[in-house]
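Since the structure comes first, as structure tokens, the remarks are kept for the end.
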Amino acid sequence: MQDVTGLPFMKVIASRGAPDFFFTEFFRVHSNSRLNEEILRSITENTSGRPVVAQLIGENLIDLTRTVKDLSKYPIFGIDLNLGCPAPRVYKKNVGGGLLRNPDKIDSILRRLREEFGGSLSVKMRYGFEDDRNFDRILSILKSRKVDMVSLHARTVLGGYRTKPEYGYVKKASSFLECPVFLNGNVQTHEEAFELVNSTGASGAMIGRAAIRNPWIFRQIREQTTNAKVFNPKLKDVFEYVSELYEMLKNSNANESNTVARIKKFLNFVGLSIDQEGKFLFYMRRAKNRKELFFVFEEFLLEKGKGECFFSNRPFEGLLARPSCES
Ligand SMILES: Cc1cc2nc3c(=O)[nH]c(=O)nc-3n(C[C@H](O)[C@H](O)[C@H](O)COP(=O)(O)O)c2cc1C
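Mapping of the sequence shown onto numbering that gives the first Met the number 0: position 249 corresponds to residue 248, and the numbering continues sequentially without gaps.
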């Protein structure tokens with residue numbers, strides 16, 4: 000996820016139970032694009048032991064080919080094409096979710112990427128732009144181009160983040176395609192991931208925002224799947240998580256105010272599960288420096304025995320995090 004799930008987050012989450020795969024933030028591909036150095040670090044400095052797939056957003060075949068050639072020099076497991084970003088400034092250029100309006104273009108991109116790249120080729124898509132009119136055709140293209148994995152966000156592009164995900168489309172894709180299909184969209188807990196994977200026949204779940212809020216979710220899913228006791232984090236574990244994240248972000252940020260601004264993007268999600276009234280969110284957003292921020296952490300996560308309280312598995316009703324990038 001743009002500006003959030005880069006190398007510092009990968010490092011922090013890896014020690015709490017890494018996912019089976021990581022997907023990078025998207026590399027923008029256009030006539031003047033070069034590989035973004037910061038995103039590249041999540042490939043070159045990945046010590047999680049898990050494979051990393053490089054995601055691309057773009058549509059021009061020459062630029063995509065150049066980018067794939069450049070990326071092939073690095074230890075990537077695969078290339079993933081973004082067919083889901085709903086930001087109007089993106090889809091108006093007919094990239095990201097905008098490409099869902101043009102299945103023929105998707106076909107020519109996948110053909111080109113296949114010719115150029117021998118590793119895993121995957122797509123991250125929504126089930127349509129305004130509705131599902133192109134869904135069947137796109138599924139047939141994915142099958143004929145033999146894509147290796149599909150992550151399906153069960154909403155339309157115009158549905159943004161507001162609409163209710165329609166997981167029936169994941170079921171359809173899972174039964175039609177021969178490759179693994181990962182369901183995506185609003186999975187909040189390990190129980191939900193487990194139930195939805197079972198009911199749709201998906202091969203797994205791609206989890207976005209809930210993993211920022213609860214970095215133990217992949218471990219919890221694994222534990223539930225193997226009938227092991229599921230880890231139940233306490234607020235003191237959350238204190239350790241955000242403290243470690245601060246340190247990791249500090250290493251890649253020049254000054255304190257940048258680090259404080261950066262970590263707030265994560266805390267907007269973490270704060271959804273800390274207190275019902277949203278006071279953590281209120282005070283954290285007003286912290287101007289490290290000292291003030293850590294004062295808020297200590298107040299809400301450690302003071303007066305709070306460290307022994309359990310962290311809520313779900314976000315509290317009524318608290319909403321607005322995505323800073325609308326991918
Ligand atoms: C801040 C933010 C950044 C995102 N960046 C990307 C991105 O770079 N590539 C992508 O495929 N999806 C991106 N997404 C979308 C997520 O991958 C995911 O499809 C979406 O958030 C729904 O899943 P979730 O409910 O598990 O978060 C982003 C989402 C958010 C909130």
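Backbone N, C-alpha and C define an ideal beta-carbon position, used for all residues, glycine too. All of these numbers come straight from a predicted model, not from anything done at the bench.
Less than 7 Å separating the Cβ of I206 from some heavy atom of ligand 1? The sequence position of residue 206 within the sequence shown is 207, counting from 1. Yes; taking the cut-off as 7 Å, the Cβ of I206 has a heavy atom of ligand 1 nearer than that.
Thinking C-beta only, is K233 closer than 8 Å to F310? Residue numbering aside, residue 310 sits at position 311 when the sequence shown is read from its first letter. Residue numbering aside, residue 233 sits at position 234 when the sequence shown is read from its first letter. A distance below 8 Å separates the beta carbons of F310 and K233.
Ligand 1 and F20: does the residue's C-beta get closer than 7 Å to at least one heavy atom of that ligand? For the purposes of this step, residue 20 is taken as the residue at position 21 of the sequence shown. Not one heavy atom of ligand 1 is found less than 7 Å from the C-beta of F20.
Mapping the DSSP letters down to three states, classify R15 as helix, strand or coil. Within the sequence shown, residue 15 is the residue found at index 16, counting from 1. In the structure shown, R15 sits in coil (DSSP, three-state: anything other than H, G, I, E or B).
Beta strand (DSSP E) containing L182: first to last residue? Position 183 of the sequence shown, counted from the first residue, corresponds to residue 182. Run containing L182: V180 to N183, per the beta strand (DSSP E) assignment.
Does the region 4-13 come close enough to the region 239-246 to have 3 or more Cβ pairs within less than 8 Å? Cβ pair count under 8 Å is three or more, so yes.
Can you grab the Cα-Cα spacing for the pair D147 / F175, in whole Å? Position 148 of the sequence shown, counting from 1, holds the residue named residue 147. Position 176 of the sequence shown, counting from 1, holds the residue named residue 175. So the alpha carbons of these two residues sit roughly 14 Å apart.
Among L301, I273, S256 and R218, which one has its Cα closest to the Cα of S14? As a working mapping, residue 14 is identified with position 15 in the sequence shown. Out of L301, I273, S256 and R218, R218 has the C-alpha closest to the C-alpha of S14.
Is the closest heavy atom of ligand 1 to the C-beta of H327 under 7 Å? Since the first and last residues shown for the chain are 0 and 326, residue 327 lies out of range.
Using a Cβ-Cβ cutoff of less than 6 Å, which residues in the same chain neighbour N81 once the five nearest sequence positions on both sides are dropped? Residue mapping note: residue 81 aligns to position 82 of the sequence shown, counting from 1. Same-chain partners within the cutoff: F25, Q54, I56, G95 and K123.
Identify whether R27 lies in helix, strand or coil by the three-state DSSP scheme. As a working note, residue 27 is residue 28 in the sequence shown. Three-state DSSP puts R27 in a strand.
Return the CA-CA distance between V196 and K290, expressed in angstroms with no decimal places. The residue you call residue 196 lines up with position 197 of the sequence shown. The residue you call residue 290 lines up with position 291 of the sequence shown. Their backbone Cα atoms lie some 43 Å apart in a straight line.
Please classify P199: does DSSP put it in a helix, a strand, or coil? Position 200 of the sequence shown, counted from the start, is the residue given in the question as residue 199. Per the sequence shown, the amino acid found at residue 199 is Thr instead of Pro. In the structure shown, T199 sits in a helix (DSSP, three-state: H, G or I).
Is it buried or exposed for R33, if we count other Cβ within 10 angstroms and need 16 for buried? What you label residue 33 is simply residue 34 of the sequence shown in a count that begins at 1. Under this definition R33 is an exposed residue.
Would F116 and S71 qualify as a contact pair, given that the criterion is a beta-carbon distance under 8 Å? Within the sequence shown, residue 116 is the residue found at index 117, counting from 1. Within the sequence shown, residue 71 is the residue found at index 72, counting from 1. In terms of Cβ geometry, F116 and S71 form a close pair [threshold 8 Å].
Following a CB-centred definition, is E37 positioned closer than 7 Å to any heavy atom of ligand 1? Here residue 37 corresponds to residue number 38 of the sequence shown, with the count starting at 1. For E37, the shortest separation between its Cβ and any heavy atom of ligand 1 does not lie below 7 Å.
Would you call the region 140-160 in contact with the region 178-188, where contact means no fewer than 3 C-beta pairs closer than 8 Å? Touching, per the Cβ criterion.
By how many angstroms is the C-alpha of R88 removed from the C-alpha of E325? Stepping through the sequence shown from its first residue, residue 325 is reached at position 326. Stepping through the sequence shown from its first residue, residue 88 is reached at position 89. Note that E325 scores a pLDDT of 42, beneath 50, so its modelled location is shaky and nothing firm can be said.
May I ask you to report which of helix, strand or coil DSSP gives P322? Working through the sequence shown from its first residue, we reach residue 322 at position 323. Low per-residue confidence applies at P322: pLDDT is 47, beneath 50, and the placement is therefore not dependable enough to give any value.
Measuring CA to CA, which of R113, C84, R110 and L112 is closest to L99? For the purposes of this step, residue 99 is identified with residue 100 of the sequence shown, where counting begins at 1. Looking at R113, C84, R110 and L112, the one whose alpha-carbon comes closest to that of L99 is C84.
Hey, would you say the C-beta of A86 is under 7 Å away from at least one heavy atom of ligand 1? Within the sequence shown, residue 86 is the residue found at index 87, counting from 1. Every heavy atom of ligand 1 is 7 Å or more from the Cβ of A86, so no.
Kindly give me the distance between the Cβ atoms of F265 and V3, rounded to whole angstroms, as I take these residues to be in contact under 8 Å. Locating residue 265 in the sequence shown gives position 266, counting from the first residue. Locating residue 3 in the sequence shown gives position 4, counting from the first residue. Correct: roughly 6 Å between the Cβ atoms.
Excluding five sequence neighbours on each side, which residues of the same chain lie with their C-beta closer than 7 Å to the C-beta of C308? Stepping through the sequence shown from its first residue, residue 308 is reached at position 309. Answer for C308: K233 and L234, listed in chain order.
Tell me, which residues are paired with K233 by DSSP? Within the sequence shown, numbered from 1, the residue matching residue 233 stands at position 234. Paired residues: F309.
State the Cα-Cα distance for the pair L280 and N267, rounded to the nearest angstrom. Locating residue 280 in the sequence shown gives position 281, where the first residue counts as 1. Locating residue 267 in the sequence shown gives position 268, where the first residue counts as 1. Those two C-alpha atoms are separated by around 7 Å.
Just checking V180 against ligand 1 - is the residue's beta carbon closer than 7 Å to any of the ligand's heavy atoms? The sequence position of residue 180 within the sequence shown is 181, counting from 1. Checking every heavy atom of ligand 1 against the Cβ of V180, none is found closer than 7 Å.
Taking buried to mean at least 16 other C-beta atoms within 10 Å of its own C-beta, is P74 buried or exposed? The residue you call residue 74 lines up with position 75 of the sequence shown. Its Cβ having fewer than 16 others within 10 Å, P74 is exposed.
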